[in-house]
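Peer 1: Terminal number for the sequence shown in UniProt numbering: 125, no gaps in between.
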Amino acid sequence: MEITKSLRRLLDGIPGTNSIFLTDRDGVIVLSVGEELRSRASLISSLQATQDQTGKLVMGAHHASAFFYENSQLVILNIPPLTAFVVASPTANTGMLLKLREQLMPLVQEVEGIIPEIPCSKFFF
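In structure tokens form, the structure reads like this:
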């Protein structure tokens with residue numbers, strides 16, 4: 001599938017990137033490339049658990065989050081109606097990971113064309 005190949009090129013374009021997966025607003029994985037993660041379901045449910053709280057910050061729409069851990073980093077990109085999770089090594093270039101949002105936008109539009117019933121919520125994280 002061409003969409004998967006495009007996502008794979010983005011993954012391979014940033015050294016240290018281990019996996020990229022896209023979910024809908026309900027946390028259902030729509031597309032995934034790279035290493036399989038045992039913690040993927042936990043990552044998704046953790047994000048969903050924080051959605052209500054972030055709205056209380058009154059800082060505008062959420063675009064991206066970056067989390068740094070001892071053995072990895074996680075970048076979450078909001079590209080309505082989908083959310084992209086990027087898992088990388090701690091030495092990967094975080095700026096390049098955050099810029100993936102711009103590169104993923106056309107891919108998300110292509111996914112929407114295939115799966116047009118993905119609802120876009122104004123409260124989407």
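Note that the Cβ used here is the ideal one computed from N, Cα and C, for glycine as well.
Quick one, are the C-beta atoms of G16 and A88 less than 8 Å apart?
Peer 2: Yes, they are a contact pair.
Peer 1: Determine the closest residue to P81 out of S6, E112, Q103 and L10, with distance taken between C-alpha atoms.
Peer 2: E112
Peer 1: May I ask you to report which of helix, strand or coil DSSP gives G113?
Peer 2: helix
Peer 1: Would the region 92-103 count as touching the region 62-76 if we require 3 or more Cβ pairs under 8 Å?
Peer 2: The region 92-103 is in contact with the region 62-76.
Peer 1: Below 7 Å CB to CB, which residues in the same chain sit around L107 once its five sequence neighbours on both sides are set aside?
Peer 2: I3, S6 and L7
Peer 1: Taking Cβ positions, are V33 and S19 nearer each other than 8 Å?
Peer 2: yes
Peer 1: Per DSSP, what kind of secondary structure is V108 in: helix, strand or coil?
Peer 2: helix
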